[in-house]
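Asker: Every letter in the sequence shown is one number past the one before it in my numbering, and letter 400, counting from 1, is 915.
The beta carbon of each residue, even a glycine, is placed where N, CA and C say it ideally should be.
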Amino acid sequence: MKKPVTKKSVIQFFVFTILQLITGYQLFSQNIDFGKSYINVTKGLNGGTVETGDTLEIRASLVVRSGTYDSCRYQDAVPAGTSFITGTIRVLTNEGKIYKQFTDGYGDDPGWITGSNVTIHLGFNGAAAPATAFRRGRVANSHKPSNFGNTCIMIASFRVRVTAANGAFISSGGGNMTYKNGSSAIATFTFPSNTIAVYTNYSICSNTVGTNALGTEFNGTFGSGRPRNRGSSTNVPTGYTYQVFTTNNPNDYNYGIANNTSTRTNYTTSNAWAIPDASSPTHRVFQLWDIIGDHTGAASPSAGNPPADTAANPNAGYMLVVNAAYRIDSAFQQTITGLCPNTFYEISCWMRNICSKCGSDSNGKAATSSTGPPYYIPTGPGDSSGVAPNITFEVNGIDYYTTGNILYTGTWVKKGFTYLTGPAQTSFTLKYFNNAPGGGGNDWALDDIAVATCSPSMIYTPNTTPIVCDSNILTMTDTVRSFYNNYVYYKWQRSTDGGVNWVDVTAPAGPIVPYWNGTEWEYVSTYIVPPGQTQAANNGDMYRLVTSTTLANLTDPLCSFTDQGSIVTIQVIDCDVPLAAKFLRFTGKNNGTTHLLEWITETENEPLIFEVQKSNDGLNFQLIGIIEGSNNITVPANHYSFINMNINGNERVYYRIVMKNLSGQSTVSRTILLGDENRPLMFLSVINPFSSRLSFDVLFTRAGKARAELVDAAGRVVRSREYTVSQGPNKLELVDTDQLPVGIYYLRVIAEEKTLRKTVLKQSH
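#1: Of the residues Ser-739, Gly-568, Ala-773 and Gly-690, which one's Cα is nearest the Cα of Ala-680?
#2: Rounded C-beta distance between Thr-736 and Asp-963? I'm assuming under 8 Å.
#3: Let me check understanding here. Comparing Cα to Cα, which of Asn-830, Glu-1035 and Gly-874 lies closest to Gly-902?
#4: Spatial neighbours of Gly-664 within its chain, please: CB distance less than 6 Å, with the 5 preceding and 5 following residues excluded, ordered by chain position.
#5: Just tell me which of Val-751, Asn-949, Pro-1045 and Ser-1145 has its CA closest to the CA of Asp-985.
#6: By alpha-carbon positions, which one of Val-1201, Glu-1268 and Val-1233 ends up nearest to Val-1275?
#7: Answer yes or no: does any C-beta atom of chain D fall closer than 9 Å to that of Phe-599?
#8: Measuring alpha carbon to alpha carbon, tell me which of Asn-957, Tyr-890, Leu-1123 and Ser-884 ends up nearest Gly-919.
#9: Considering only the beta carbon of each residue, do Pro-1029 and Val-1061 sit closer than 9 Å?
#10: Nearest by alpha-carbon distance to Ala-960: which of Ser-997, Asn-905, Gln-1048 and Phe-932 is it?
#11: Can you check whether the CB of Leu-1225 is closer than 9 Å to the CB of Ser-1235?
#12: Going by beta-carbon coordinates alone, are Ser-1075 and Ser-1063 separated by less than 9 Å?
#13: Helix, strand or coil for Asn-911? Go by DSSP, reduced to three states.
#14: At 4 residues or longer, and completely inside the segment 1233-1264: list those alpha helix (DSSP H) runs for me, N to C.
#15: Look at the alpha carbon of Leu-1271 and the alpha carbon of Glu-1166, and state the distance between them as a whole number of angstroms.
#16: When DSSP labels each residue in this structure, what does Val-593 get in the three-state scheme?
#17: Exposed or buried, Pro-889, counting other C-beta atoms within 10 Å across all chains shown (16 or more means buried)?
#18: On the DSSP bridge assignment, give the partners of Phe-1136 in chain order.
#19: Rounded to the nearest angstrom, what separates Tyr-717 and Ser-845 at their Cα positions?
#20: Shortest alpha-carbon distance to Ser-576 belongs to which of Tyr-589, Asp-585, Thr-583 and Val-565?
#21: How is Lys-1273 classed by DSSP in three states: helix, strand or coil?
#22: Count the other C-beta atoms from every protein chain shown that fall within 10 angstroms of the C-beta of Tyr-1316, then say buried if there are 16 or more, exposed otherwise.
#23: Hey, would you say Ile-869 sits closer than 9 Å to Val-910, going by beta carbons?
#24: Classify Thr-666 as buried or exposed, calling it buried when 16 or more other Cβ atoms lie within 10 Å of its own Cβ.
#25: So, Thr-761 versus Asp-805, is the Cβ gap smaller than 9 Å?
#26: One question on the structure: do Lys-872 and Ile-807 come within less than 9 Å of each other, judged by their Cβ atoms?
#27: Given Asn-734, which residues of its chain have a CB within under 7 Å of its CB, disregarding the five upstream and five downstream residues?
#28: Assign Phe-649 to buried or exposed, taking buried as 16 or more other Cβ atoms, counted over all protein chains shown, within 10 Å of its Cβ.
#29: Ignore the nearest five residues each way along the sequence and tell me which others in Ala-967's own chain have a CB closer than 6 Å to its CB.
#30: So, helix, strand or coil for Phe-663, using DSSP?
#31: Leaving out the 5 sequence neighbours to the left and right, which residues in its chain are closer than 6 Å to Ser-747 when beta-carbon positions are compared?
#32: Can you name, in chain order, every residue of its own chain whose Cβ lies under 6 Å from the Cβ of Phe-673, other than the five neighbours on each side?
#33: Taking DSSP as the reference, what is the three-state secondary structure of Ile-537?
#34: Counting Cβ pairs, one atom from each stretch, are 3 or more of them under 8 Å apart for the segment 987-1007 and the segment 1031-1046?
#35: For the candidate residues Val-800, Thr-780 and Asn-744, whose alpha-carbon lies nearest to that of Asn-766?
#36: Please report the residue range of the alpha helix (DSSP H) in which Glu-732 lies.
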């Protein structure tokens, strides 16, 4: 596999391919390539955006594929918004290794900086007019650093530190290379412009990820089908040519879309063949590439899917595979429309380095070579993959993110960042650029491209199935939490037809000021269901909170957010006549693989049923069993039991019993917790911020007394209360807090010879 260079993220790559220059009667055939890029040294292998203080390595590549060139020189200027880092003027190999190190001063060696201008004379063959401080050098395709012995690839580089503030832009383009063939005049190639955004490195969404808005290429999955080779893509620019997978294709400048990367001449579903695979014909492209399937829907996201068995599977997923060499344009591009203004979007994809032995060292030795001396010099310890893929994500012509080097691991890795649309922005053009020099390596697979909203999470209280007495008010709250503080507009809605249609029950509100809870931004919205909407006919009505980043977005169903998995459904019951039957005791026992629940009642004077309910969070319960009552008032106590067989190890499970009569009247037992009996005294939840009352749930390890105190910033106890608590979770509250000044308070719970503390925020109504 012979792969001369490539280069760079947003910078145009210039290629002379058999360009004929006529000087007098002489005809010169030339084959010389140039490219310019950068890597973010600070972000390393993880990748990221460029931020203030980051170190960037500016790289300009010179590739001689045939012939000899004199007067080779690189000149550039330190970009505005950065500062030069001393001792970093170098010539690198295409793998990024230091080949020549220079001083900063003029006259010592072929590289120096004067003011903000960097100069590097290129060409280091001692027998062929090498570069000095005073002379530009000569470079031939047979010189070192060599790529497979027939191409010279050298990268002139220097490092800078970003001084521009977040929100600024850095121009990393410009600079030039000079060269000369024979008696022709010295030619100058000027690198095109390029812009880098200095942008907060939000990484990928930490909350809910919304619907993919990419649209094209089967929403970034590249579709599925039986044929191993799908066909070309209109989203891959014309600089790359579509090829099916054969013994030597896709080659440099080529790409394929397949569900199995084995060769068409020797199809296989196994990746166990030797590397290199000397079978005739070989199973592996270039005898070296991994034989894999796509990523979409894989049981293991890192492992991906196995190579498709196209005989047995008529609908295997496809992926894009790129053999990146000379970058003349992006490897993938798409204009996405219908976006929401002032909204954070995760721009991401899954990628995989697919060649473990594609390296070529500076002596021209291939990773598969065992001859020497000189012997092959690995890319790194235990790594002979060669040039690692490094991809830039460009939005509307500006670099926002680089993946960092994607080393060979035999697995898929997710790469991406979060982008904030402008106040009125509804579209952008996304491009993926190859940002690594070519030569041996730089072969990669791409799948599951996504442009999806970063949405908040929602937690409703008292729960998503609250019980309310007929014609009574019901107070509901929703805690909205997000890593980003821009979901600040909201409204409540109600549905009376099972969620088919929704009607606003409050006017749009906002912008509210979220509170930073230490890990996320959050705020609490409260809605009180009036007595007129808690009639018997309202049983099953649904409520939800809708939030958005702008007031206009709140009326757009595509640009507003609600948690579809946590819709509130109210249960209206008749509470006029309480049940005569009462709970005397409710206990549970953890038997390791099962949970035994036991309860005792008295005065059962009518037919009853007992609903056994469980919860993983103590708030949202689901029915797991029904026990019929004894309906026997002649005995002093009725004993019941239930065994939950579906226990996953020592999982934590909350239980409660709902006792109901035939009229729907009910009584709910206390809640107990099994499966984690060794947990210490702790807060389970705190409604924070609070206003007129402070509600909180505490897990107690034993029954007894507890005291709660609310302390102001001066250390004064402003509210307190004593409680008699039971073992397990207990719902507690401090009331009459509406007159307290807005500000920070400290909640203390004293019990079991211990004190719990929690910082809380008092806010106005």
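Answerer: The relevant details are as follows:
#1: Against the sequence shown, residue 680 aligns to sequence position 165. Closest in alpha carbon position to Ala-680, among Ser-739, Gly-568, Ala-773 and Gly-690, is Gly-568.
#2: Reading the sequence shown from its first residue, position 221 is the one you call residue 736. Reading the sequence shown from its first residue, position 448 is the one you call residue 963. Contact flag correct, Cβ pair sits at about 6 Å.
#3: In the sequence shown, the residue the question calls residue 902 occupies position 387. For clarity, residue 902 is Val in the given sequence; the question names Gly instead. Taking each of Asn-830, Glu-1035 and Gly-874 in turn and checking the Cα distance to Val-902, the smallest one comes out for Gly-874.
#4: The residue you call residue 664 lines up with position 149 of the sequence shown. The beta carbon of Gly-664 lies closer than 6 Å to those of Gly-879 in the same chain, with the five residues before and after it left out.
#5: Residue numbering aside, residue 985 sits at position 470 when the sequence shown is read from its first letter. Residue Pro-1045 is the option with its Cα nearest to Asp-985.
#6: Taking the first residue of the sequence shown as position 1, residue 1275 is located at position 760. Comparing alpha-carbon positions, the option among Val-1201, Glu-1268 and Val-1233 lying closest to Val-1275 turns out to be Val-1201.
#7: The structure shown contains no chain D, having only a single protein chain.
#8: Position 404 of the sequence shown, counted from the start, is the residue given in the question as residue 919. Minimum Cα distance to Gly-919 is reached at Asn-957.
#9: Numbered from its first residue, the sequence shown carries residue 1029 at position 514. Numbered from its first residue, the sequence shown carries residue 1061 at position 546. The Cβ-Cβ distance between Pro-1029 and Val-1061 does not fall below 9 Å.
#10: The sequence position of residue 960 within the sequence shown is 445, counting from 1. Residue Asn-905 is the option with its Cα nearest to Ala-960.
#11: By one-based count along the sequence shown, residue 1235 stands at place 720. By one-based count along the sequence shown, residue 1225 stands at place 710. Yes, they are a contact pair.
#12: Here residue 1075 refers to the residue found at position 560 when the sequence shown is read from its first residue. Here residue 1063 refers to the residue found at position 548 when the sequence shown is read from its first residue. In this structure, Ser-1075 lies near Ser-1063, with their beta-carbon atoms less than 9 Å apart.
#13: Counted from its first residue, the sequence shown places residue 911 at position 396. Here Asn-911 sits in coil by DSSP.
#14: Runs found: none.
#15: In the sequence shown, counting from the first residue as 1, residue 1271 sits at position 756. In the sequence shown, counting from the first residue as 1, residue 1166 sits at position 651. Between Leu-1271 and Glu-1166, the C-alpha separation is close to 24 Å.
#16: Residue 593 sits at position 78 when you count from the first residue of the sequence shown. Annotated three-state conformation of Val-593 is coil, per DSSP.
#17: As a first step, residue 889 is located in the sequence shown; it is residue number 374 there, counting from the start. Using a 10 angstroms sphere on the CB of Pro-889, the tally of other CB atoms stays under 16, which defines it as exposed.
#18: Position 621 of the sequence shown, counted from the first residue, corresponds to residue 1136. As DSSP reads the structure, Phe-1136 sits in no beta bridge.
#19: On the sequence shown, residue 717 is found 202 positions in, with the first residue counted as 1. On the sequence shown, residue 845 is found 330 positions in, with the first residue counted as 1. Distance between the alpha carbons of Tyr-717 and Ser-845 is about 24 Å.
#20: Taking the sequence shown and counting its residues from 1, one reaches residue 576 at position 61. Just measuring C-alpha positions, the residue of Tyr-589, Asp-585, Thr-583 and Val-565 sitting nearest Ser-576 is Tyr-589.
#21: Walking along the sequence shown from the start, residue 1273 turns up at place 758. Here Lys-1273 sits in strand by DSSP.
#22: Limits of the chain in this structure are 516 at one end and 1280 at the other, which puts residue 1316 out of reach.
#23: For the purposes of this step, residue 869 is taken as the residue at position 354 of the sequence shown. For the purposes of this step, residue 910 is taken as the residue at position 395 of the sequence shown. Not in contact: Ile-869 and Val-910 (Cβ atoms no closer than 9 Å).
#24: In the sequence shown, residue 666 corresponds to position 151, counting from 1. Result: buried.
#25: Numbered from its first residue, the sequence shown carries residue 761 at position 246. Numbered from its first residue, the sequence shown carries residue 805 at position 290. No, they are not a contact pair.
#26: In the sequence shown, the residue the question calls residue 872 occupies position 357. In the sequence shown, the residue the question calls residue 807 occupies position 292. It is not a contact, given that the beta carbons lie outside the stated cut-off.
#27: To locate residue 734, count along the sequence shown from 1; it is residue 219. So the list reads Asn-727, once near-sequence residues are dropped.
#28: By one-based count along the sequence shown, residue 649 stands at place 134. Flag for Phe-649 reads exposed.
#29: For the purposes of this step, residue 967 is taken as residue 452 along the sequence shown, with counting starting at 1. Taken in chain order, the residues that qualify are Val-724, Gly-725, Asn-727 and Glu-861.
#30: Within the sequence shown, the letter at position 148 stands for residue 663. Looking at Phe-663 - three-state DSSP - the assignment turns out to be coil, as it is neither helix nor strand.
#31: Counting from one through the sequence shown, the residue named residue 747 turns up at place 232. The beta carbon of Ser-747 is closer than 6 Å to those of Tyr-757 in its chain, skipping five residues each way along the sequence.
#32: As a first step, residue 673 is located in the sequence shown; it is residue number 158 there, counting from the start. Ile-573, Thr-603, Ile-604 and Val-633, listed in sequence order.
#33: Start at 1 with the first residue of the sequence shown, and residue 537 comes out as number 22. Reliability fails at Ile-537, whose pLDDT of 27 lies under 50, so the model's placement of it is uncertain and the value that follows must be treated cautiously. Strand, per DSSP.
#34: Contact between the segment 987-1007 and the segment 1031-1046 is established, with three or more Cβ pairs separated by less than 8 Å.
#35: By 1-based counting over the sequence shown, the position of residue 766 is 251. Sorting Val-800, Thr-780 and Asn-744 by C-alpha distance to the C-alpha of Asn-766 places Val-800 at the top.
#36: By 1-based counting over the sequence shown, the position of residue 732 is 217. Element bounds for Glu-732: 731-735.
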